[in-house]
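Protein chains in written order, with our numbering: chain A, 1 to 92; chain B, 93 to 183.
Shown next, in structure tokens, is the structure this report addresses.
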Amino acid sequence: MYLGIVKGTVVADRKASGLEGTKLLLVQPVDEHGAPVGDVQAAVDRVQAGVGDLVYLVGSREAALACDPWFVPVDAAIVGIVDGVDVPGARP
Amino acid sequence: MKCCRVVGPMWATVKHPAFAGRTLFVVQPLDERGTDAGASFVAIDHVQAGVGDKVLVLTEGNGVRQILKMGDQVPIRSIIVGIVDHVETGA
Chain A
1 MYLGIVKGTV VADRKASGLE GTKLLLVQPV DEHGAPVGDV QAAVDRVQAG
51 VGDLVYLVGS REAALACDPW FVPVDAAIVG IVDGVDVPGA RP
Chain B
93 MKCCRVVGPM WATVKHPAFA GRTLFVVQPL DERGTDAGAS FVAIDHVQAG
143 VGDKVLVLTE GNGVRQILKM GDQVPIRSII VGIVDHVETG A
């Protein structure tokens with residue numbers, strides 16, 4: 001699991017079956033200080049996150065397990081909106 | 093599994109139900125000398141770890157499901173499974 005900041009919304013009209021009705025967000029993975037780590041990615045949102053939110057995501061097969069139905073072709077899912085990280089110098 | 097240092101706790105009110113009541117930590121992977129190696133990530137706690145502890149983190153979902161015994165649809169990938177007392181290296 002890893003932290004990320006929601007950067008935007010992805011709208012896709014034509015999707016693989018199972019992904020109908022899913023909300024896709026554009027997420028920049030970050031470290032505990034809010035500094036970017038790696039490339040921006042699209043992730044399924046399971047917690048009604050919004051642009052600017054600090055969230056945590058789960059990747060790989062567990063991303064599909066966060067979805068309902070769970071047998072869907074996704075590899076990143078937002079599973080929590082972070083209220084705070086208790087780290088010196090962390091994003092509030 | 094990875095040797096990591098517990099950086100600090102984090103908390104979230106809105107989250108997937110599988111995370112209810114679980115402690116979340118930001119952990120930093122370490123190399124054999126104990127220095128930071130690679131990007132930090134999020135793990136749930138299973139051994140009452142504390143900030144600054146050197147810990148063993150399992151980063152594989154199937155192992156997590158075996159430990160938590162919450163069925164086979166748990167979307168959790170990393171869990172702290174041990175507190176490291178000592179690491180001995182050859183050199």
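Glycine included, each C-beta is placed from N, C-alpha and C at the ideal position.
1) Can you list the residues of chain A that Met162(B) reaches, using a CB-CB cut of under 7 Å?
2) Could you tell me whether the Cβ atoms of Ile171(B) and Val147(B) are closer together than 8 Å?
3) Please name the residue, chosen from Ala110(B), Pro109(B), Leu116(B), Ala131(B), that lies closest to Gln140(B) on a Cα-to-Cα basis.
4) As a quick exercise: from Arg125(B), Thr127(B), Gly126(B), Ser132(B), pick the residue whose alpha carbon is nearest that of Pro36(A).
5) For the stretch 24-37 of chain A, which residues have a beta carbon sitting closer than 7 Å to at least one beta carbon of chain B?
6) Hey, quick one: how far does the alpha helix (DSSP H) through Gly4(A) stretch, first residue to last?
7) For Ala66(A), which residues from the same chain have a beta carbon less than 7 Å from its beta carbon, with the 5 sequence-adjacent residues on both sides left out?
8) What's the C-alpha gap between Lys94(B) and Ala63(A)?
9) In or out: Gln120(B) buried (at least 16 other Cβ within 10 Å) or exposed?
10) Taking the alpha-carbon of Asp68(A) as reference, which of Leu26(A), Val30(A), Gly21(A), Val6(A) has the nearest alpha-carbon?
11) For Lys23(A), which residues in the same chain have their Cβ closer than 6 Å to its Cβ, ignoring the five residues on either side in sequence?
12) Tell me which residues share the same chain as Ala49(A) and place their Cβ nearer than 7 Å to its Cβ, disregarding the 5 neighbours each side in the sequence.
13) Beta carbons nearer than 9 Å to chain A: which residues of the stretch 114-130 of chain B have them?
14) So, Leu3(A) versus Val40(A), is the Cβ gap smaller than 8 Å?
15) Answer with buried or exposed for Met212(B), where buried requires no fewer than 16 other C-beta atoms within 10 angstroms of its C-beta.
16) Just curious, the alpha helix (DSSP H) that Ile168(B) is in, first and last residue?
17) Determine the burial state of Pro94(A): buried for a count of at least 16 other Cβ atoms within 10 Å of its Cβ, exposed for fewer.
Result, derived from the coordinates:
1) Here residue 162(B) refers to the residue found at position 70 when the second sequence is read from its first residue. Residues of chain A passing the Cβ test: none, with the nearest at roughly 11 Å.
2) Taking the first residue of the second sequence as position 1, residue 171(B) is located at position 79. Taking the first residue of the second sequence as position 1, residue 147(B) is located at position 55. No; because the gap between Cβ atoms is not below 8 Å, this pair is not in contact.
3) What you label residue 140(B) is simply residue 48 of the second sequence in a count that begins at 1. Nearest C-alpha to Gln140(B): Leu116(B).
4) Indexing the first sequence from 1 puts residue 36(A) at position 36. Considering only alpha carbons, the answer is Ser132(B).
5) Asp31, Glu32, Val37
6) Counted from its first residue, the first sequence places residue 4(A) at position 4. First-last for Gly4(A): 2-10, but that is the beta strand (DSSP E), not the alpha helix (DSSP H).
7) As a position in the first sequence, residue 66(A) is number 66, starting the count at 1. Taken in chain order, the residues that qualify are Arg46, Val58, Ala77, Val79.
8) In the second sequence, counting from the first residue as 1, residue 94(B) sits at position 2. In the first sequence, counting from the first residue as 1, residue 63(A) sits at position 63. When rounded, the distance between both Cα atoms is 21 Å.
9) Walking along the second sequence from the start, residue 120(B) turns up at place 28. Looking at its Cβ environment, which holds 16 or more other Cβ atoms inside 10 Å, Gln120(B) is buried.
10) Numbered from its first residue, the first sequence carries residue 68(A) at position 68. Of the listed residues, the one whose Cα sits closest to Asp68(A) is Gly21(A).
11) Your numbering for residue 23(A) matches position 23 in the first sequence. Once the five neighbours on either side are set aside, the close Cβ partners of Lys23(A) are Asp45.
12) For the purposes of this step, residue 49(A) is identified with residue 49 of the first sequence, where counting begins at 1. Counting only Cβ-Cβ distances below 7 Å, and skipping sequence neighbours, we find Val6, Leu25, Val55, Ile78, Ile81.
13) Leu116, Val118, Gln120
14) Working through the first sequence from its first residue, we reach residue 3(A) at position 3. Working through the first sequence from its first residue, we reach residue 40(A) at position 40. In this structure, Val40(A) does not lie closer than 8 Å to Leu3(A) by Cβ.
15) This structure leaves residue 212(B) out entirely; chain B is present only between 93 and 183.
16) Translated into the one-based positions of the second sequence, residue 168(B) becomes position 76. Looking at the DSSP string, Ile168(B) is not in any alpha helix (DSSP H), and its letter there is neither H nor E.
17) Because chain A spans 1 through 92 in this model, residue 94(A) falls outside it and cannot be assessed.
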